[in-house]
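Visitor: Numbered according to my numbering, the sequence shown spans residues 1198 to 1699.
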Amino acid sequence: MAHSTVDLIAQVNHCLAQPKDLPANIRTVLEIVASELCAARSFVLLVHPETEKLSPIAANGLSVTEFRRLELKSDRSLLREIFENGEKSIIRRVGDEKTLDFLTCFDIDRSLISVPIALGGQKLGLLSVEFAYKKAANWEQEKKLLSLLGSMIAQSLRIEHAVRGERQKLIEENSHLKQELKEKYEFTHIIGNSNPMKHVYDQVTQVARSNAAVLLRGESGTGKEMIANAIHYNSLRSKRPLIKINCAALPETLIEAELFGHEKGAFTGADRFKKGRFELAAGGTLFLDEIGDLPLQTQIKLLRVLQEREFERLGGTETVKTNIRLITATNKNLEEAIAKGEFREDLYYRLNVFTIHLPPLRERKSDILLLAEHFLEKYEAEHDKRIRRISTPAIDMLVAYHFPGNVRELENAIERAVLVCDSNVIHGHHLPPTLQTAEISGTITDLSLAAAVEAFERGMIQDTLKSTSGNISKAAKTLDSTERILGYKIKKYGIDTMRFRR
1198 MAHSTVDLIA QVNHCLAQPK DLPANIRTVL EIVASELCAA RSFVLLVHPE TEKLSPIAAN
1258 GLSVTEFRRL ELKSDRSLLR EIFENGEKSI IRRVGDEKTL DFLTCFDIDR SLISVPIALG
1318 GQKLGLLSVE FAYKKAANWE QEKKLLSLLG SMIAQSLRIE HAVRGERQKL IEENSHLKQE
1378 LKEKYEFTHI IGNSNPMKHV YDQVTQVARS NAAVLLRGES GTGKEMIANA IHYNSLRSKR
1438 PLIKINCAAL PETLIEAELF GHEKGAFTGA DRFKKGRFEL AAGGTLFLDE IGDLPLQTQI
1498 KLLRVLQERE FERLGGTETV KTNIRLITAT NKNLEEAIAK GEFREDLYYR LNVFTIHLPP
1558 LRERKSDILL LAEHFLEKYE AEHDKRIRRI STPAIDMLVA YHFPGNVREL ENAIERAVLV
1618 CDSNVIHGHH LPPTLQTAEI SGTITDLSLA AAVEAFERGM IQDTLKSTSG NISKAAKTLD
1678 STERILGYKI KKYGIDTMRF RR
């Protein structure tokens, strides 16, 4: 046959390297084989990794009816036996083989060459090419060439399987991370069972699955961002992005570019096109923290986006449609800001569709111990410490403190305590100085030796009662004392043993 082997291999290699799906590339390869080798018909059979059934993935020269017959019968024909043997095979006259009657063409005799598609001893399939029959023809050259093409197809299959496996792995990881995020921000994972927090949970449940704009109000450190996360990941938009921006963290000259994006050359330094947060949040949720610090000029543009659901990028004329759910947060008194002319009243009413007030930590004292234990567990793992508990005097210090920084300040205090703790119990002196009053920490300037001993003794008795769940007998034994003496000390220091009983 007159053909250039080198040219054929180059064409096939170029074809298999194309970024199409592999069956389409293999079909093109079969077309090249038909053209260069004067092949009548050809097909590639691959074995299914689970069912192990041999079935065609590409063919050339077969009608739709012939291809369907090949799908139905190839696994029960001589082709299956050739595949199992893993050897090159020549069927000199297809019409003589009864199991291949679905390939028989009655107007002319054909010969079929089948070569294995294998990689590293693993049989993947067959490449079969049909030629016009020639008596005593020497097919060795065709067998060698087709074997080479079979190896090239096998390599492409290996690459395709690797890429598919990596893609599937990324999809699974992405799905797993999204599920982790959703679980992380479930309502049950928000710490606190005080009445003010229960009211917050009820409000979040009511609004989460709607598209209503939500305004989160509360002091700094009360957990507004966590509530925004909970609303998004429990909403109908949970599979779409949650994009966050802190309006107070960006200068006035950049805030518009961040929100709405910009075209190349829109301003000095804009050397490329950039999408804004509204575009990045398409179909999902946009969280604007510290909305009270948004410049008045930007407030006007934000109002238009909320009203018209469209905007233009900086330096651009194209109108961009937007579909987002907006959550905003602020620690400012917006009503006062409106009275001073610092915040637009019409924007306020657009944002204030559903307001959730987050209580400061001083109004949810019953949650302090729960939060402290949660942060203790978090940071002892993070810093590889083994801390069993927080001492009773330290707990009293935490509960007595007013926490102007709210939950964020409590978290920082517990992390510091974990870092400086040199035993398995966090004591009062491990907490930040701001929490240590003179009376509680025993640092009053005129403190006598007797008073210092009493403070130490009181703390020691409280810790032991906590360890024994308020059992005075066990506590006395632990302290190497008697019930009578311990009972006297408990009465002297006014310790309530009932608080330690579980």
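We put the CB at the ideal spot given by N, CA and C, even for glycine. Predicted, not measured: the structure shown is a model, and the values here were computed from it.
Among the candidates L1499, T1465 and N1431, whose CA atom is the shortest distance from the CA of G1473?
Guide: Translated into positions along the sequence shown, residue 1473 becomes position 276. Selected option, being the one with the closest Cα: L1499.
Visitor: Quick check: what's the CA-CA separation for L1544 versus I1497?
Guide: In the sequence shown, residue 1544 corresponds to position 347, counting from 1. In the sequence shown, residue 1497 corresponds to position 300, counting from 1. Their Cα atoms are separated by approximately 8 Å.
Visitor: What residues match up with H1554 in a beta bridge as DSSP calls it?
Guide: In the sequence shown, residue 1554 corresponds to position 357, counting from 1. DSSP, once it has assigned bridges, lists R1414 as partnering H1554.
Visitor: Name the one or two DSSP bridge partners that F1600 has.
Guide: Within the sequence shown, numbered from 1, the residue matching residue 1600 stands at position 403. In the DSSP output, where bridge partners are listed per residue, F1600 has none listed.
Visitor: Exposed or buried, F1328, counting other C-beta atoms within 10 Å across all chains shown (16 or more means buried)?
Guide: Within the sequence shown, the letter at position 131 stands for residue 1328. Counting Cβ neighbours within 10 Å, F1328 comes out buried, since at least 16 surround it.
Visitor: Taking Cβ positions, are L1573 and Y1598 nearer each other than 7 Å?
Guide: Position 376 of the sequence shown holds residue 1573. Position 401 of the sequence shown holds residue 1598. Cβ atoms of L1573 and Y1598: not closer than 7 Å.
Visitor: Would you be able to state if there are at least three C-beta pairs under 8 Å between the region 1644 to 1662 and the region 1608 to 1617?
Guide: Flag = no, the region 1608 to 1617 and the region 1644 to 1662 do not touch.
Visitor: Rounded to whole angstroms, what's the CA-CA distance from L1628 to H1396? Just pull it up for me.
Guide: Residue numbering aside, residue 1628 sits at position 431 when the sequence shown is read from its first letter. Residue numbering aside, residue 1396 sits at position 199 when the sequence shown is read from its first letter. Approximately 31 Å between the Cα atoms of the pair.
Visitor: In the DSSP assignment, what are the bridge partners of P1253?
Guide: Working through the sequence shown from its first residue, we reach residue 1253 at position 56. According to DSSP, P1253 bridges with L1242.
Visitor: Name the two residues that bound the continuous alpha helix (DSSP H) containing F1475.
Guide: Position 278 of the sequence shown, counted from the start, is the residue given in the question as residue 1475. Residues R1474 to L1477.
Visitor: Could you tell me if F1700 is buried or exposed, where buried requires 16 or more neighbouring beta carbons within 10 angstroms of its beta carbon?
Guide: Residue 1700 lies beyond the residue range present for the chain, which begins at 1198 and ends at 1699; the question has no answer from this structure.
Visitor: Which of the three DSSP states, helix, strand or coil, is assigned to A1526?
Guide: Mapped onto the sequence shown, residue 1526 falls at position 329. DSSP places A1526 in strand when its eight states are reduced to three.
Visitor: Between which two residues does the beta strand (DSSP E) carrying T1516 extend?
Guide: Here residue 1516 corresponds to residue number 319 of the sequence shown, with the count starting at 1. Note, T1516: beta strand (DSSP E), T1516 to K1518.
Visitor: Who are the Cβ neighbours of R1585 in its own chain at under 8 Å, not counting the five residues just before and after it?
Guide: Along the sequence shown, one-based indexing puts residue 1585 at 388. So the list reads N1621 and V1622, once near-sequence residues are dropped.
Visitor: Take C1192 and list the residues in its own chain whose beta-carbon comes closer than 7 Å to its own, dropping the five residues that flank it on each side.
Guide: A query on residue 1192 cannot be resolved here, the shown segment of the chain reaching from 1198 to 1699 and no further.
Visitor: If contacts are defined as beta-carbon pairs under 8 Å, then C1212 and T1225 qualify, I think. What distance do you get, rounded to the angstrom?
Guide: Reading the sequence shown from its first residue, position 15 is the one you call residue 1212. Reading the sequence shown from its first residue, position 28 is the one you call residue 1225. Indeed, because the Cβ distance is near 5 Å, the residues count as touching under 8 Å.
Visitor: I need the straight-line Cα distance from T1495 to L1413, nearest angstrom please.
Guide: Reading the sequence shown from its first residue, position 298 is the one you call residue 1495. Reading the sequence shown from its first residue, position 216 is the one you call residue 1413. Cα to Cα, T1495 sits roughly 20 Å from L1413.
Visitor: Let's see if you can read the secondary structure: which residues bound the alpha helix (DSSP H) around F1653?
Guide: Here residue 1653 is taken as the residue at index 456 of the sequence shown, counted from 1. Segment L1646 to S1664, the alpha helix (DSSP H) holding F1653.
Visitor: Can the beta-carbon of L1297 be found less than 7 Å from the beta-carbon of L1275?
Guide: Numbered from its first residue, the sequence shown carries residue 1297 at position 100. Numbered from its first residue, the sequence shown carries residue 1275 at position 78. For L1297 and L1275, yes; Cβs fall inside 7 Å.
Visitor: Assign F1600 to buried or exposed, taking buried as 16 or more other Cβ atoms, counted over all protein chains shown, within 10 Å of its Cβ.
Guide: Numbered from its first residue, the sequence shown carries residue 1600 at position 403. So F1600 counts as buried.
Visitor: Looking at N1426 and A1405, is the spacing between their C-beta atoms short of 7 Å?
Guide: For the purposes of this step, residue 1405 is taken as residue 208 along the sequence shown, with counting starting at 1. For the purposes of this step, residue 1426 is taken as residue 229 along the sequence shown, with counting starting at 1. Not closer than 7 Å, so no.
Visitor: Do you know offhand how far A1530's Cα is from D1693's?
Guide: Sequence index remark: in the sequence shown, residue 1530 carries index 333 (1-based). Sequence index remark: in the sequence shown, residue 1693 carries index 496 (1-based). At residue 1530 the sequence reads Asn, which differs from the Ala that was named. C-alpha separation (whole angstroms): 42 Å.
Visitor: Just to confirm my understanding: we take M1695, look at its own chain, exclude 5 residues before and 5 after, and list those with CB closer than 8 Å. What are they?
Guide: The sequence position of residue 1695 within the sequence shown is 498, counting from 1. Once the five neighbours on either side are set aside, the close Cβ partners of M1695 are G1667.
Visitor: In its own chain, which residues sit with a C-beta less than 7 Å from the C-beta of F1470, not counting the 5 before and 5 after it?
Guide: One-based indexing of the sequence shown puts residue 1470 at position 273. E1460 and K1461.
Visitor: Any chance the region 1313 to 1327 sits against the region 1237 to 1251, with 3 or more Cβ pairs inside 8 Å?
Guide: Because the criterion of three Cβ pairs below 8 Å is met, the region 1313 to 1327 and the region 1237 to 1251 touch.
Visitor: Between T1516, K1436, R1361 and R1238, which lies nearest to R1307 when the distance is taken from Cα to Cα?
Guide: Taking the sequence shown and counting its residues from 1, one reaches residue 1307 at position 110. With distances taken between Cα atoms, R1307 lies closest to R1238.
Visitor: How should A1635 be labelled, buried or exposed, when 16 other C-beta atoms within 10 angstroms of its C-beta is the threshold for buried?
Guide: Taking the sequence shown and counting its residues from 1, the one referred to as residue 1635 is at position 438. For A1635, the pLDDT reaches just 47, beneath the cut-off of 50, and the residue's location in the model is therefore unreliable, leaving the point undetermined.
Visitor: Identify which residue in D1581, L1433 and M1594 has its Cα closest to the Cα of I1565.
Guide: Along the sequence shown, one-based indexing puts residue 1565 at 368. Of D1581, L1433 and M1594, the residue nearest in Cα terms is M1594.
Visitor: My output table needs one value for I1584: the three-state DSSP class, helix, strand or coil.
Guide: As a first step, residue 1584 must be located in the sequence shown, where it is residue number 387. Three-state DSSP puts I1584 in coil, outside helix and strand.
Visitor: Any idea what DSSP makes of D1486, helix, strand or coil?
Guide: Position 289 of the sequence shown, counting from 1, holds the residue named residue 1486. Reduced to three states, the DSSP call for D1486 is strand.
Visitor: Could you say if the region 1311 to 1320 and the region 1339 to 1350 meet the contact criterion of at least three C-beta pairs nearer than 8 Å?
Guide: Yes: at least three Cβ pairs fall under 8 Å.
Visitor: F1470 by DSSP, collapsed to three states: which one?
Guide: Locating residue 1470 in the sequence shown gives position 273, where the first residue counts as 1. DSSP places F1470 in coil when its eight states are reduced to three.
Visitor: For the alpha helix (DSSP H) that V1209 lies in, which residues bound it at each end?
Guide: Position 12 of the sequence shown, counting from 1, holds the residue named residue 1209. Run containing V1209: T1202 to L1213, per the alpha helix (DSSP H) assignment.
Visitor: Taking C-beta to C-beta, are R1541 and G1418 nearer than 7 Å?
Guide: By 1-based counting over the sequence shown, the position of residue 1541 is 344. By 1-based counting over the sequence shown, the position of residue 1418 is 221. No.
Visitor: Taking C-beta to C-beta, are E1233 and L1205 nearer than 7 Å?
Guide: On the sequence shown, position 36 is the one that residue 1233 refers to. On the sequence shown, position 8 is the one that residue 1205 refers to. Their beta carbons are under 7 Å apart, which means E1233 touches L1205 by this criterion.
Visitor: Per DSSP, which one or two residues make a beta bridge with S1391?
Guide: For the purposes of this step, residue 1391 is taken as the residue at position 194 of the sequence shown. Note: S1391 sits in no beta bridge, so no partner.
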